[in-house]
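Numbering (the numbering used here), first residue to last: 8 to 556. We put the CB at the ideal spot given by N, CA and C, even for glycine. Every value quoted in this text rests on a predicted model; they were computed, and no experiment measured them.
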């Protein structure tokens, strides 16, 4: 068998004439492939407009990217222990992800929540949950990334701010990020809880409040990553994400905010997939496009408004359960692409993520992957080390053209909001996902261990388990919390929130939500009150009715 395979393996050659996203590639590149590139206009030095080569002149010599790892499972106490472990292991910032019921905007004791409490993230529905999550964590000395994209965002941020206030911290003392991209949640399994108008309302409230009160906080981190996870190509990832971002910008401008007041704190959350040069070109092109959009369309004048600031999450969809240790190699290559592209913060997937939530060991390996990149490999020594490469510059040009063509197509169907409402965007997701799957099943897209180089024993990884007892304990605790509180205070706080929301969709509700958190209102109660005002059912699943109105 081995002898039969040897000749074919020896003579095997690369037969791909295009990138994984379908961009054609030549056998080699030379000066003629970059002849149209105007260095000052299209590239510039790192730190200079249009920031193709990076947003800082010295890049990582000035400061390493933030090393982040996602954290969130079980009860708030369990996640709190993991948070402190990551901080002790050298993480420069922490990413907390809530569980599915929280993202859907329902409490742990909801009839539909039981099987999902704490399974894929931490349960966060009461102000006490936030207190337990942040126990012994210095809120004024860490960079906290709350990976909450859904309409849950303003409620959870309000609970975080209420806790900070109890500890004597002002909003201006806090640094971190809320993802706050509720529109994209329609394509991450939460369409039922993310009506378009409600998604825009909650997102813009957070942007406005943080712009006026939290100068160290990034109020939005537009989630291109989850879009890519659904099967989109690299150009589609950026084009769809930017078109969604423009909706939030327009909403903020309609509130009377100046573009240079909030655009400097706009951030993006991107994917780094397995095609190294394509990913580098994608992120370089994104910097150039964003700078020109901000300057030419919106008249932004601040340099920081023009700079595309992004974090990267290595591509979870590229990982497979077969031979899982191979995923560690995939993640390392993807992380290297992100660093070579000039990332601001980086999260590496754990190799066991296709199987279960990461174990402590796999999370540590993911963090060590970043640390080896930073301290051993030398890839961080020079800003944009691939700048000037005939291939990379040509691919960046191609990527830019493709992204802009897709954005123009979205504009031609009436803009992103209309494209969402008519289902045009949904159709593009379905087409892209189907094409990706066809490539895998046909073997055109080789995935080692899955459709080539399989093993009878595919290997295994120890799986992290969230105990049913942990989930049940959280459900009981939420019920107990509701029984212990002063219901008159809760009702009064929710009534005040309802009255403010009824004035106008442009009324900012964050302060009212902070007061509701102090009064012990829960996630479902606060968000449900807003849903009712905006013509939706109190409960996204239409199982429960409002407990107070």
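Linking residue 76 to residue 507 through their CA atoms gives a straight-line distance of about 38 Å.
Residue ranges of uninterrupted alpha helix (DSSP H) with 4 or more members, entirely inside the region 94-139 and ordered along the chain, are 107-111.
In the three-state reduction of the DSSP assignment, residue 318 falls in the strand class.
Collapsing the DSSP output to three states places residue 283 in a helix.
Of all alpha-carbon atoms in 130, 493, 87 and 146, the one lying nearest the alpha-carbon of residue 108 is that of 130. A direct Cα-to-Cα measurement between residue 367 and residue 333 gives close to 18 Å. Rounded to the nearest angstrom, the gap between the Cα atoms of residue 82 and residue 89 is 11 Å. Between residue 116 and the set 360, 490 and 352, the nearest pair of CA atoms involves 490.
Distance check between residue 20 and each of 34, 29 and 27 places 34 closest, using alpha-carbon atoms only. Assigned with DSSP and collapsed to three states, residue 182 falls in strand. With 16 or more other CB atoms across the displayed protein chains lying within 10 angstroms of its CB, residue 228 is buried. DSSP places residue 68 in the helix class (H, G or I) of the three-state scheme. Short of 7 Å from the beta carbon of residue 215, and not among the five residues preceding or following it, lie these beta carbons of its own chain, in chain order: 259, 262, 264 and 515. In this structure residue 295 touches residue 58 by the C-beta definition: roughly 7 Å separates them, less than 8 Å. It is roughly 49 Å from the alpha-carbon of residue 482 to the alpha-carbon of residue 407.
Collapsing the DSSP output to three states places residue 227 in a strand. Secondary structure note for residue 384: it is in no beta strand (DSSP E), with a DSSP letter that is neither H nor E. Residue range 517-525 is occupied by the alpha helix (DSSP H) that includes residue 520.
For residue 111 against residue 520, the beta-carbon gap comes to about 18 Å, at or over 8 Å, which does not count as contact. Counting the other CB atoms within 10 Å of its CB gives residue 461 a total below 16, which places it among the exposed residues. By the criterion of at least three beta-carbon pairs nearer than 8 Å, the region 436-443 is not in contact with the region 41-48. By the Cβ criterion, the region 201-220 is not in contact with the region 521-528, since fewer than three pairs of Cβ atoms, one from each stretch, lie closer than 8 Å. Here the region 59-75 does not lie against the region 424-438, with fewer than 3 beta-carbon pairs under 8 Å apart. Between residue 401 and residue 240, the C-beta gap is not smaller than 7 Å, which leaves the two residues out of contact. A Cβ-Cβ distance of about 6 Å is found for the pair residue 293 and residue 315, placing them in contact under the 8 Å criterion. In the DSSP assignment, the residues bridged to residue 152 are 102 and 184. The Cβ atoms of residue 488 and residue 209 lie no closer than 7 Å to each other.
One Cα belongs to residue 211, the other to residue 249, and the distance between them is close to 16 Å.
Under DSSP, residue 353 shares a beta bridge with 74 and 319. Taking a cut-off of 8 Å for Cβ pairs, the region 527-540 and the region 175-187 do not touch, as fewer than three such pairs fall below it. When secondary structure is reduced to three states using DSSP, residue 32 falls in the coil class, being assigned neither helix nor strand. Rounded to the nearest whole angstrom, the CA to CA distance from residue 257 to residue 331 is 44 Å. DSSP places residue 448 inside the alpha helix (DSSP H), whose first and last residues are 431-449. Looking at the DSSP output, residue 338 bridges to nothing.
In this structure, residue 361 lies near residue 326, with their beta-carbon atoms less than 7 Å apart. Put simply, of 301, 448 and 194 the residue whose alpha carbon is nearest the alpha carbon of residue 271 is 301.
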